[in-house]
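Numbering (our numbering) for the sequence shown: 85 to 263.
Every residue gets a Cβ at the ideal spot worked out from N, C-alpha and C, and that includes glycine.
One structure below.
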Amino acid sequence: EIKKVYSNVAFIGYSPFTLVEAPIKSVYVTPVYDSVGSIKHSFDRMKNDSELKSVSLKLIVPLKIQAYERLLLYIERIQFPVLVKRVFHPGISRNDFQFSLLQNVQDEFEHNLAQRLYVSESTWQLIVMAKEEVLQNVNAVFNDNPDADIAMIAQKIASFENPMGEKAVVNIKNEFNSL
Numbered sequence: 085e086i087k088k089v090y091s092n093v094a095f096i097g098y099s100p101f102t103l104v105e106a107p108i109k110s111v112y113v114t115p116v117y118d119s120v121g122s123i124k125h126s127f128d129r130m131k132n133d134s135e136l137k138s139v140s141l142k143l144i145v146p147l148k149i150q151a152y153e154r155l156l157l158y159i160e161r162i163q164f165p166v167l168v169k170r171v172f173h174p175g176i177s178r179n180d181f182q183f184s185l186l187q188n189v190q191d192e193f194e195h196n197l198a199q200r201l202y203v204s205e206s207t208w209q210l211i212v213m214a215k216e217e218v219l220q221n222v223n224a225v226f227n228d229n230p231d232a233d234i235a236m237i238a239q240k241i242a243s244f245e246n247p248m249g250e251k252a253v254v255n256i257k258n259e260f261n262s263l
């Protein structure tokens, strides 16, 4: 015996903000007996793969766009001049300045880890390399200038460029344009 069950929505997954549901037409329930005579139900959706993909794309594309936006913002926030401007203030100690720079980059990165789900592996690797480039350059300036005052270190760091960050931006834009 096949019973037709009507439903307005089916659970698809979670977005960062809400429970995501998608409309479905109907679900067929077919009783199936297992080896001990108990009834199991198998569910067969009457939607074809293209309809399901269409619904999935309508849900995923906005999440991808949001991920691209957040990752572009991350790359912007770890650019050397922006980072120094945000962290430096007169009177900060050498150790506090170095720690704050490194911690800021790492915290921003950890805040955006979930965005990895929505970008290609090559783009994600460029983002990781951009982060590592910033961390290495900050540490190198402090290690190479042990006697320099903080203002000079801040100026030197702010003058650096982040080529891996620029490559990541190009990759993000290319992925976005290929949606």
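### Message
Whole angstroms are fine: how far does the CA of L136 sit from the CA of D118?
### Response
Low local confidence applies: a pLDDT of 49 at D118 is under 50, so the model's placement there is unreliable, with the coordinate-based value given in what follows. C-alpha of D118 to C-alpha of L136: approximately 29 Å in a straight line.
### Query
How would you label D128, buried or exposed, when you count the other beta carbons within 10 angstroms and need 16 or more for buried?
Confidence at D128 is low in this model, with a pLDDT of 44, below 50, so the placement of that residue should be treated as unreliable; the coordinate-derived value is given next. Burial call: exposed.
### Message
Spatial neighbours of F244 within its chain, please: C-beta separation below 6 Å, excluding the five flanking residues on both sides.
### Response
Taking C-beta separations shorter than 6 Å and ignoring five residues to either side along the sequence, the partners of F244 in its chain run F164 and N221, following chain order.
#### Entry: CB of V171 within 8 Å of CB of S184, strictly
yes
### Task
Round the Cβ separation of N196 and L155 to the nearest angstrom and send it over; I've been treating them as touching at under 8 Å.
6 Å
### Task
Classify G249 as buried or exposed, calling it buried when 16 or more other Cβ atoms lie within 10 Å of its own Cβ.
buried
### Task
Out of N229, A214, F181 and K257, point me to the one whose CA is closest to N246's CA.
A214
### Message
Among the candidates V212, I237 and N229, whose CA atom is the shortest distance from the CA of N255?
### Response
V212
### Task
Rounded to whole angstroms, what's the CA-CA distance from V218 to S206? Just pull it up for me.
19 Å
### Query
CA-CA distance, P230 and I241?
14 Å
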